[in-house]
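Below is one structure; the comments refer to it alone.
Residue numbers (the numbering used here): 11 to 199.
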């Protein structure tokens, strides 16, 4: 009979997977060096997660922000605009840098046909777009196409965050993100 999983250890391993990929990258990910980094064996990683791909998807799922919760108490578009700027422009500089860097690596690999990360990446995009679409539509029924607006915001912010990680130019990218948010959700005149 297989040993039951130690859920606290599993959570600790998932956190370590994100840290490892943030530091060493995804392209050369191999279980043996990862296991050494985590203080375990590759056999134990397989016991906990099944495959390397399942392990990475599980780790990424622990990093996904609660988008619906983030916008649950937003009463109007002005507050939504401020919340987007605070959450994705101001606060993203350090707190989310590692998980964002890992997500970008997975999105890149997911764009290759037949990628084991394709389904996860597509779902991650849809979760963000759908949650923001719902919020925009509920706050302002006059927004002509909430889903397109949400897509522009999510994809545009994601591109700007990638720019920030690559260039380190926080000032330029933050200005561009504010402009994008204000163009997509114009302030009331």
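No residue lacks a Cβ here, since even glycine has one placed at the ideal position from N, Cα and C.
In angstroms, rounded to a whole number, what distance separates the CA positions of residue i and residue j?
i           : j           : result
residue 164 : residue 93  : 13 Å
residue 150 : residue 80  : 18 Å
residue 5   : residue 46  : Because the chain is modelled from 11 through 199, residue 5 falls outside the range shown and cannot be assessed.
residue 29  : residue 110 : 11 Å
residue 177 : residue 140 : 30 Å
Secondary structure at residue i, three-state DSSP: helix, strand or coil?
i           : result
residue 74  : coil
residue 25  : helix
residue 159 : helix
residue 89  : helix
residue 175 : helix
residue 154 : coil
residue 83  : coil
residue 50  : coil
Excluding five sequence neighbours on each side, which residues of the same chain lie with their C-beta closer than 7 Å to the C-beta of residue i?
i           : result
residue 131 : 116, 117, 120
residue 15  : 58
Do residue j and residue i count as a contact pair if the criterion is CB distance below 8 Å?
i           : j           : result
residue 137 : residue 146 : no
residue 107 : residue 175 : yes
Assuming residue i contacts residue j under a Cβ cut-off of 8 Å, what Cβ separation, rounded to an integer in Å, is found between them?
i           : j           : result
residue 84  : residue 90  : 5 Å
residue 41  : residue 23  : Between residue 23 and residue 41 the Cβ distance is about 12 Å, and since that is not below 8 Å, they are no contact.
residue 160 : residue 142 : 4 Å
residue 167 : residue 148 : Contact flag wrong, Cβ pair sits at about 20 Å.
residue 112 : residue 70  : 7 Å
residue 123 : residue 63  : Not really, about 15 Å apart at Cβ, beyond 8 Å.
For residue i, I'd like the list of residues in its chain whose CB is within less than 8 Å of its CB, leaving aside the five on either flank, ordered along the chain.
i           : result
residue 169 : none
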